[in-house]
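Worksheet for the structure shown next.
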Amino acid sequence: MSSEEQLASSVLRQVEYYFSDESFPFDDYMKSKSNEEGWIEIEEIMAFPKMRQLTKEKQKIINALAMSDSVQVSADGNSLSRKFPMPDKDPDAERTIYINGFASTTDKEKMEITIKTWSEKHGTVEAVRALRNLNKEDRILDGSAFVKYKTKDSVPKALAASGTVSKGNKITVYTSTDYFERIQKKKESIARKKKEKEQADDDDPVNRKIVQNDIPKGSILSITLANAAEDIVRDDLKALFTDTASIKYVEFKNTDPVAYIRFESAEHAKAALDAYTTNPTQLKDNIQVQVAAVQGQAELDYIERANQAKRAATKRKHSGGKKGGYSKRARK
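Here numbering that gives the first Met the number 0 is used: the first residue of the sequence shown is 0, the next is one more, and so on.
Structure representation (structure tokens):
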């Protein structure tokens, strides 16, 4: 696989995750940015840190999504949306099941025919949508699918067959509603275990020194430059705001068109954004900028990245730079 093909594969997998059943229904930021028809401007997706690490070229994202069977691009190339309704918004939920247990494959047509053949034992099938495992680099079809019957009367029959064996594989069937509720419970369980682990780490005397950034929610603004400018420095970005005293940190590389300003609190960030919106200013050389609040998944990504950097720096400090760090001699 060439580097361009690898990039396209990574972009495809990342965008499909943002719109997946496991992510989109639980992401308030993504949902707030979608219009009534479910479309989200592609620039919103491109602003996410993980996407910016992959590519800043809109056309490469559009090209990659040509291979997607779950995300679609608008005719004008400016917006993205799911191809299928969310499980909790599906008008056909009463006659739809989630099924898994079939052998994994890369052949989508073969997978859907196999699942349709099994499902037709219990009623007339209108559609089969094979699902992909987005945790795998190749997005393999993992033997699961949504099956929509012609009538809801077929659903209890399919559910009764859950646990039977087909070609050596145990088949499991849920209603689509039950499937979605299981995702919710799984996410809640993961969040709870993560919180418990963080609490345990905080109580560990060894880990007390490995602190996290205390970043209040809603305290981050992004500044998008019309084009990267090598002569722009952090003080130039701070000067866009009147209350510079409340700015705690400026993250900016002059080769990157997006900078992040971290304020002491959400209140300071909101006041700064409101003041800028009321009286927008420009950088030197009349460079146009866009200032916006960092929210939802983009905010979570930023905080996680900041915490990882903080923990790594703290570990290097406590280890004296001897484990994977640079020696003082090497840094000169």
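Just so you know, even glycine gets a beta-carbon here, dropped at the ideal spot from N, CA and C.
TODO: Have a look at residue 274 and residue 241 and give me their C-alpha separation to the nearest angstrom.
DONE: As a working mapping, residue 274 is identified with position 275 in the sequence shown. As a working mapping, residue 241 is identified with position 242 in the sequence shown. Rounded to the nearest angstrom, the two C-alpha atoms are 8 Å apart.
Task: Segment contact, 8 Å Cβ cut-off, at least three pairs: the stretch 161-175 with the stretch 81-96 - done: yes
Task: residue 64 beta carbon near the ligand NAD (any heavy atom closer than 7 Å) - done: In the structure shown, the ligand NAD is absent, as is every other ligand, since no ligand is present at all.
Open item on the list: Bridge partners for residue 165 per DSSP, in chain order?
Closed with: The sequence position of residue 165 within the sequence shown is 166, counting from 1. According to DSSP, residue 165 bridges with 168.
Open item on the list: For residue 81 and residue 255, I'd like the C-alpha separation in whole angstroms.
Closed with: On the sequence shown, position 82 is the one that residue 81 refers to. On the sequence shown, position 256 is the one that residue 255 refers to. Whole-angstrom Cα-Cα distance: 30 Å.
- [ ] Could you check if residue 142 is buried or exposed, using at least 16 other CB atoms within 10 Å of its CB as the buried criterion?
- [x] In the sequence shown, residue 142 corresponds to position 143, counting from 1. The residue in question, residue 142, is buried, as its Cβ has 16 or more Cβ neighbours within 10 Å.
Task: Residue span of the beta strand (DSSP E) that contains residue 70, given as start and end - done: What you label residue 70 is simply residue 71 of the sequence shown in a count that begins at 1. Its beta strand (DSSP E) spans residues 70-72.
TODO: Put residue 142 into one of helix, strand or coil per three-state DSSP.
DONE: On the sequence shown, position 143 is the one that residue 142 refers to. Strand, per DSSP.
- [ ] Might you give, ordered along the chain, the residues of its own chain that have their beta carbon closer than 7 Å to the beta carbon of residue 182, omitting 5 neighbours on each side?
- [x] Here residue 182 refers to the residue found at position 183 of the sequence shown. Here the set comprises 20 and 21.
Task: Cβ neighbours of residue 11 in the same chain (closer than 8 Å, five flanking residues each side left out) - done: Counted from its first residue, the sequence shown places residue 11 at position 12. 63, 64, 66, 67 and 138.
Open item on the list: Does residue 50 come out as helix, strand or coil in the three-state DSSP assignment?
Closed with: Taking the first residue of the sequence shown as 1, we reach residue 50 at position 51. DSSP places residue 50 in helix when its eight states are reduced to three.
Task: Close Cβ partners of residue 92 (< 8 Å) along its chain, the five nearest in sequence each way excluded - done: Your numbering for residue 92 matches position 93 in the sequence shown. Excluding residues within five positions, the ones whose Cβ falls inside 8 Å are 86, 174, 175 and 176.
Open item on the list: Check whether the stretch 272-289 and the stretch 24-42 touch, using three or more Cβ-Cβ pairs below 8 Å as the test.
Closed with: no
Task: Run of the alpha helix (DSSP H) containing residue 233, from where it starts to where it stops - done: Counted from its first residue, the sequence shown places residue 233 at position 234. That run of the alpha helix (DSSP H) goes 233-237.
- [ ] Please name the residue in 102, 74 and 305 whose C-alpha comes closest to that of residue 164.
- [x] Along the sequence shown, one-based indexing puts residue 164 at 165. Minimum Cα distance to residue 164 is reached at 102.
Open item on the list: So, at 7 Å on beta carbons, what are the nonlocal neighbours of residue 304 in its own chain, with the 5 sequence-adjacent residues on each side left out?
Closed with: Along the sequence shown, one-based indexing puts residue 304 at 305. Only 48 meet the Cβ criterion.
TODO: Take the Cβ of residue 76 as the centre, count every other Cβ of all protein chains shown within 10 Å, and call the residue buried at 16 or more, exposed below.
DONE: Looking up residue 76 in the sequence shown gives position 77. It is exposed - the Cβ of residue 76 has fewer than 16 other Cβ atoms within 10 Å.
Open item on the list: Here's the rule: buried if 16 or more other CB atoms are within 10 angstroms of the residue's CB, otherwise exposed. What is residue 239?
Closed with: The residue given as residue 239 occupies position 240 in the sequence shown. Buried: at least 16 other Cβ atoms inside 10 Å.
Task: Three-state class that DSSP yields for residue 306 in the structure shown - done: Here the question's residue 306 lines up with position 307 in the sequence shown. Helix, per DSSP.
Task: Cβ-based burial, residue 167 [other Cβ within 10 Å; buried from 16] - done: Counted from its first residue, the sequence shown places residue 167 at position 168. The residue is exposed, with fewer than 16 neighbouring Cβ atoms inside 10 Å.
Open item on the list: Please report the straight-line C-alpha distance between residue 306 and residue 162, rounded to a whole angstrom.
Closed with: Taking the sequence shown and counting its residues from 1, one reaches residue 306 at position 307. Taking the sequence shown and counting its residues from 1, one reaches residue 162 at position 163. Each residue's alpha carbon lies about 44 Å from the other.
- [ ] Could you check if residue 95 is buried or exposed, using at least 16 other CB atoms within 10 Å of its CB as the buried criterion?
- [x] If you number the sequence shown from 1, residue 95 lands on position 96. When all chains shown are included, residue 95 counts as buried.
Open item on the list: For a quick check, are the C-beta atoms of residue 144 and residue 170 less than 8 Å apart?
Closed with: Stepping through the sequence shown from its first residue, residue 144 is reached at position 145. Stepping through the sequence shown from its first residue, residue 170 is reached at position 171. No, the Cβ-Cβ distance between residue 144 and residue 170 is not below 8 Å.
Task: Cutoff 8 Å; reference residue 186; Cβ partners in own chain excluding five residues on either side - done: The count along the sequence shown starts at 1 and reaches residue 186 at position 187. Within the same chain, residue 186 has close Cβ partners 21 and 25.
Task: Spatially closest choice to residue 224 from 109, 259 and 194, by CA coordinates - done: Walking along the sequence shown from the start, residue 224 turns up at place 225. Answer by Cα proximity: 259.
Task: Sub-8 Å separation of residue 40 and residue 78 beta-carbons - done: As a first step, residue 40 must be located in the sequence shown, where it is residue number 41. As a first step, residue 78 must be located in the sequence shown, where it is residue number 79. In contact: residue 40 and residue 78 (Cβ atoms closer than 8 Å).
TODO: Measure from the alpha carbon of residue 213 to the alpha carbon of each residue in 53, 129, 264 and 276, then state which is nearest.
DONE: Against the sequence shown, residue 213 aligns to sequence position 214. Among 53, 129, 264 and 276, the Cα nearest to that of residue 213 belongs to 264.
Open item on the list: In this structure, how does DSSP classify residue 262 when only helix, strand and coil are distinguished?
Closed with: On the sequence shown, position 263 is the one that residue 262 refers to. In this structure, residue 262 counts as strand in the three-state DSSP scheme.
Task: Delimiting residues of the alpha helix (DSSP H) encompassing residue 12 - done: If you number the sequence shown from 1, residue 12 lands on position 13. Note, residue 12: alpha helix (DSSP H), 2-17.
Open item on the list: Please identify the residue among 1, 73, 46 and 45 whose C-alpha is closest to the C-alpha of residue 36.
Closed with: Within the sequence shown, residue 36 is the residue found at index 37, counting from 1. Per the Cα distances, 73.
Open item on the list: Please state whether the Cβ-Cβ distance between residue 220 and residue 270 is less than 8 Å.
Closed with: Taking the first residue of the sequence shown as 1, we reach residue 220 at position 221. Taking the first residue of the sequence shown as 1, we reach residue 270 at position 271. No, the pair does not count as a contact, with Cβ atoms beyond the cut-off.
- [ ] Count the other CB atoms, across all protein chains shown, that sit within 10 Å of the CB of residue 296; report buried if there are 16 or more and exposed otherwise.
- [x] Sequence index remark: in the sequence shown, residue 296 carries index 297 (1-based). Classification of residue 296: buried, given that the 10 Å Cβ count is 16 or more.
TODO: Compute the distance between the beta-carbons of residue 129 and residue 107, then report whether it is under 8 Å.
DONE: Locating residue 129 in the sequence shown gives position 130, counting from the first residue. Locating residue 107 in the sequence shown gives position 108, counting from the first residue. Going by C-beta atoms, residue 129 is nearer than 8 Å to residue 107.
- [ ] Following the continuous beta strand (DSSP E) through residue 246, name the residue where it begins and the one where it ends.
- [x] In the sequence shown, the residue the question calls residue 246 occupies position 247. 246-250 is the span of the beta strand (DSSP E), which, as asked, contains residue 246.
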